[in-house]
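2 protein chains.
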Amino acid sequence: MRPAAAMEPAGKGAKPHAGRPDAPAAADAERLIEAIELLFFGYRDFVSEPDEILAAYEFGRAHHRVVHFVGRNPGITVAELLDILRITKQSLARVLRQLIERGFVEQKTGEKDRRQRRLYLTSAGGELLDRLMAPQMDRVRNALAAGGPGGEVAWREVMLALLDEEHRPEVEQIISKEP
Amino acid sequence: MRPAAAMEPAGKGAKPHAGRPDAPAAADAERLIEAIELLFFGYRDFVSEPDEILAAYEFGRAHHRVVHFVGRNPGITVAELLDILRITKQSLARVLRQLIERGFVEQKTGEKDRRQRRLYLTSAGGELLDRLMAPQMDRVRNALAAGGPGGEVAWREVMLALLDEEHRPEVEQIISKEP
DNA sequence: AAAAATATGTCAACATGGCTGACATAAATT
DNA sequence: AATTTATGTCAGCCATGTTGACATATTTTT
Chain A
30 MRPAAAMEPA
40 GKGAKPHAGR
50 PDAPAAADAE
60 RLIEAIELLF
70 FGYRDFVSEP
80 DEILAAYEFG
90 RAHHRVVHFV
100 GRNPGITVAE
110 LLDILRITKQ
120 SLARVLRQLI
130 ERGFVEQKTG
140 EKDRRQRRLY
150 LTSAGGELLD
160 RLMAPQMDRV
170 RNALAAGGPG
180 GEVAWREVML
190 ALLDEEHRPE
200 VEQIISKEP
Chain B
30 MRPAAAMEPA
40 GKGAKPHAGR
50 PDAPAAADAE
60 RLIEAIELLF
70 FGYRDFVSEP
80 DEILAAYEFG
90 RAHHRVVHFV
100 GRNPGITVAE
110 LLDILRITKQ
120 SLARVLRQLI
130 ERGFVEQKTG
140 EKDRRQRRLY
150 LTSAGGELLD
160 RLMAPQMDRV
170 RNALAAGGPG
180 GEVAWREVML
190 ALLDEEHRPE
200 VEQIISKEP
């Protein structure tokens with residue numbers, strides 16, 4: 030019942046001639062559902078190692094995200110960070126305050142616009158980020174290698190296409206930094 | 030500082046001759062970090078549409094996960110569901126109770142082992158799942174198409190390789206159903 | 001048959017990290 | 001001078017995760 034039912038009432042995808050059992054459409058749905066679940070399981074394992082490391086600091090995933098994006102974007106403003114994380118400033122303020130109090134993040138008043146508080150990792154913050162990132166990099170390196178030659182490019186294209194179209198340019202800009 | 034520092038202290042990957050600036054290693058790290066971020070942004074957008082649908086039912090992501098895996102695995106036991114979701118039975122009990130009370134999930138005593146409570150979607154549950162799955166299927170269909178021929182296979186391989194090695198056989202079994 | 005293990009449920013308490021709403025301040029812009 | 005912007009903060013609520021303890025029915029083991 031389930032995999033078939035998942036397509037029928039929705040009825041948005043390819044649906045050649047309704048009524049009779051439709052093997053191609055069912056196989057199509059099956060493929061897509063497996064992909065959906067791969068995303069779920071992949072993400073689940075992907076965050077598991079950082080979660081353990083964070084526990085030793087009494088930090089959570091929210092701290093990880095802040096440390097990651099501040100580390101990757103030194104001098105990022107609060108507004109920019111909110112836009113990436115898609116949370117409210119009150120939620121961000123809580124974890125950011127803890128990170129600052131405990132010396133992992135520091136703020137500097139913007140030079141051009143002195144209303145801004147630009148965010149930077151301290152050296153302790155950089156070390157924490159390294160520890161959090163190491164297992165994720167190992168995992169991703171290994172996974173991309175498994176895709177074979179060309180697999181990495183295809184994987185990236187698919188992941189990018191998974192984004193809302195309106196977000197793609199922004200995300201491409203955020204993820205790519207020139208050293 | 031950031032992308033380079035992200036590799037140095039970890040020092041597990043390719044690290045030819047330490048000391049001097051290492052352009053290849055930095056480019057390698059950059060590639061991997063971009064992949065890490067693609068996973069973050071991809072997952073963020075991936076759950077955004079279901080979240081909106083769920084809000085209309087006053088349900089959350091936790092309900093989505095239960096409905097999804099019960100729908101895909103009719104007759105699944107509580108223990109099996111706990112193993113997939115990796116949460117405590119107390120956490121599961123809360124959302125499961127709500128789903129049962131509101132008529133989206135039903136339980137049947139196991140025939141062979143009468144201690145088990147086997148879980149099924151009701152017709153309302155099936156309809157909810159269809160609504161939740163539709164935008165995700167559209168999104169994934171579109172994304173896989175963007176990978177070009179062969180891209181889908183490569184994408185799947187990479188996603189599977191992203192899992193903890195010990196989980197791969199189990200996950201492969203969970204995601205693949207014969208109709 | 002009795003004992004132990006298993007599958008599930010439940011009560012209670014707590015933590016994290018989302019959210020809304022209201023209000024404050026300093027700096028930039030109009 | 002007035003308004004807008006960037007940020008901070010207080011207060012409280014909600015969803016969903018956690019631990020620990022204990023209860024019940026059923027199956028398995030001894």
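For the record, the sequence lines run as chains A and B.
Residue 30 is where the first sequence starts when you use my numbering, and the numbers rise one by one after that.
Residue 30 is where the second sequence starts when you use my numbering, and the numbers rise one by one after that.
All C-beta atoms, glycine included, are put in the ideal place defined by N, C-alpha and C.
Looking from the CA of residue 138 of chain B, the closest CA among B/160, B/105, B/77 and B/116 belongs to B/105. Separation of residue 99 of chain B and residue 171 of chain B (C-alpha to C-alpha, rounded to the nearest whole angstrom) is 26 Å. Going by beta carbons, residue 180 of chain A and residue 68 of chain B fall outside the 9 Å limit. DSSP places residue 135 of chain B in the strand class (E or B) of the three-state scheme. Residues of chain A with a Cβ closer than 7 Å to the Cβ of residue 120 of chain B do not exist, since the nearest Cβ in that chain sits about 15 Å away. With its beta carbon less than 9 Å from one in chain B, residue 72 of chain A belongs to the interface.
Spanning the alpha carbons of residue 158 of chain A and residue 117 of chain A requires a straight line of approximately 23 Å.
In the DSSP assignment, residue 148 of chain B falls within the beta strand (DSSP E) that extends over 146-150.
Interface criterion met: the Cβ of residue 179 of chain A is under 9 Å from a Cβ in chain B. Annotated three-state conformation of residue 203 of chain A is helix, per DSSP.
It is roughly 11 Å from the alpha-carbon of residue 167 of chain B to the alpha-carbon of residue 65 of chain A. Ranking A/60, A/131 and A/115 by CA distance to the CA of residue 88 of chain A puts A/131 first. Residue contact check for residue 136 of chain A against chain B: no CB pair falls below 9 Å. For the region 184-201 of chain B, the beta-carbon criterion of a distance under 7 Å to any beta-carbon of chain A is satisfied by 184, 185, 186, 187, 188, 189, 190, 191, 192, 193, 196 and 200.
Taking 8 Å as the upper bound for CB-CB distance, residue 96 of chain B and residue 128 of chain B are in contact here, some 7 Å apart. By the Cβ neighbour-count rule, residue 79 of chain B is buried, with 16 or more other Cβ atoms within 10 Å of its own. Residue 83 of chain B and residue 141 of chain A have their C-alpha atoms some 43 Å from each other.
For residue 175 of chain A, the nearest CB of chain B lies under 9 Å from its own CB, placing it at the interface with that chain.
A Cβ of chain A is located within less than 9 Å of the beta carbon of residue 59 of chain B. Chain B places no beta carbon closer than 9 Å to that of residue 140 of chain A, leaving this residue out of the contacts.
The three-state secondary structure of residue 82 of chain B, taken from DSSP, is helix. Not a single CB atom of chain B sits nearer than 9 Å to the CB of residue 109 of chain A.
Here the alpha carbons of residue 126 of chain B and residue 115 of chain B stand approximately 18 Å from one another.
Here residue 207 of chain B is exposed: its Cβ has fewer than 16 other Cβ atoms, across all protein chains shown, within 10 Å.
For residue 65 of chain A, no pairing in a beta bridge is given by DSSP. At a beta-carbon threshold of 7 Å, the residues of chain A lying near residue 172 of chain B are 187, 190 and 191, ordered along the chain.
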